[in-house]
Amino acid sequence: MIVRNLLLADAPIADVTSAKQTALHLAAEHDFSAICSILLENGVDYDAVDINGNNALHIACQKGQLATCKVLLAESRISADTLNLKGQNPVHLLATFGRENAAAIFEIFIESMPEYPINKVDGTGNTPLLLAYMNGNGNLCRALIKSGAVLGTCNNDGVNIFNHSVATKNL
1 MIVRNLLLAD APIADVTSAK QTALHLAAEH DFSAICSILL ENGVDYDAVD
51 INGNNALHIA CQKGQLATCK VLLAESRISA DTLNLKGQNP VHLLATFGRE
101 NAAAIFEIFI ESMPEYPINK VDGTGNTPLL LAYMNGNGNL CRALIKSGAV
151 LGTCNNDGVN IFNHSVATKN L
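Each step along the sequence shown adds one to the number in the UniProt record's numbering, with nothing skipped, and position 35 is 35.
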């Protein structure tokens with residue numbers, strides 16, 4: 001209610017922090033999905049990027065914010081495959097920082113965008129599958145493979161899932 005009142009009082013929706021994060025970035029970081037909806041309804045720039053090139057969906061994936069990912073993918077036309085300064089899309093961040101719900105978040109991506117580029121390599125040649133594997137996220141690995149992720153892609157250092165040490169026995 002407070003956010004709506006602020007917006008009705010002409011609070012500047014486009015203001016950014018020193019890190020160039022918008023109110024949408026901050027709401028996404030803290031999983032304030034209802035506030036994300038309000039901001040989207042009121043014309044926030046959903047594709048705005050911070051100083052690292054991350055949009056709000058990158059942030060939501062990095063923090064494992066399931067409800068916010070749902071809102072961003074369902075209620076906006078956010079560019080879900082935007083690359084940040086490290087050449088990573090939101091699913092790369094999900095694979096790097098993923099929590100227990102990473103597979104559920106990934107399923108939302110696939111439902112929203114069946115042709116999502118799951119085999120896209122980042123700036124160091126890592127695919128989301130390789131990142132999930134290196135970080136021990138078995139559930140996300142299985143979800144990526146089920147969606148057609150390529151198994152043998154090597155990164156710039158020649159590492160792939162077949163020659164990298166197993167991060168956890170769950171894999």
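Quick reminder that beta carbons are idealized off the backbone N, C-alpha and C, glycines included.
Q: Give the range of the alpha helix (DSSP H) segment to which C154 is assigned.
A: As a first step, residue 154 is located in the sequence shown; it is residue number 154 there, counting from the start. Per DSSP, C154 belongs to no alpha helix (DSSP H) and is neither H nor E.
Q: Starting from the Cα of Y46, find the closest Cα among N156, K63 and A27 and give me that residue.
A: By 1-based counting over the sequence shown, the position of residue 46 is 46. Among N156, K63 and A27, the Cα nearest to that of Y46 is on A27.
Q: Can you tell me the Cβ-Cβ gap for N42 and I78, rounded? I've got them flagged as a contact below 8 angstroms.
A: As a working mapping, residue 42 is identified with position 42 in the sequence shown. As a working mapping, residue 78 is identified with position 78 in the sequence shown. Not quite, the Cβ-Cβ distance comes to about 15 angstroms (not below 8 angstroms), so this is no contact.
Q. Which parts of the region 39-115 are runs of the alpha helix (DSSP H), unbroken and 4 residues or longer, counting only runs that do not cross its ends?
A. Runs of the alpha helix (DSSP H) inside the region 39-115: 56-63, 66-75, 90-97 and 102-112.
Q) Excluding five sequence neighbours on each side, which residues of the same chain lie with their C-beta closer than 6 angstroms to the C-beta of C154? A) Taking the first residue of the sequence shown as position 1, residue 154 is located at position 154. Around C154: N160.
Q. Between the beta-carbon of C69 and the beta-carbon of I108, is there less than 8 angstroms?
A. Counted from its first residue, the sequence shown places residue 69 at position 69. Counted from its first residue, the sequence shown places residue 108 at position 108. C69 places its beta carbon less than 8 angstroms from that of I108.
Q.
Tell me the DSSP secondary structure of H25 in three-state form.
A. Here residue 25 refers to the residue found at position 25 when the sequence shown is read from its first residue. Per DSSP, reduced to three states, the secondary structure at H25 is helical.
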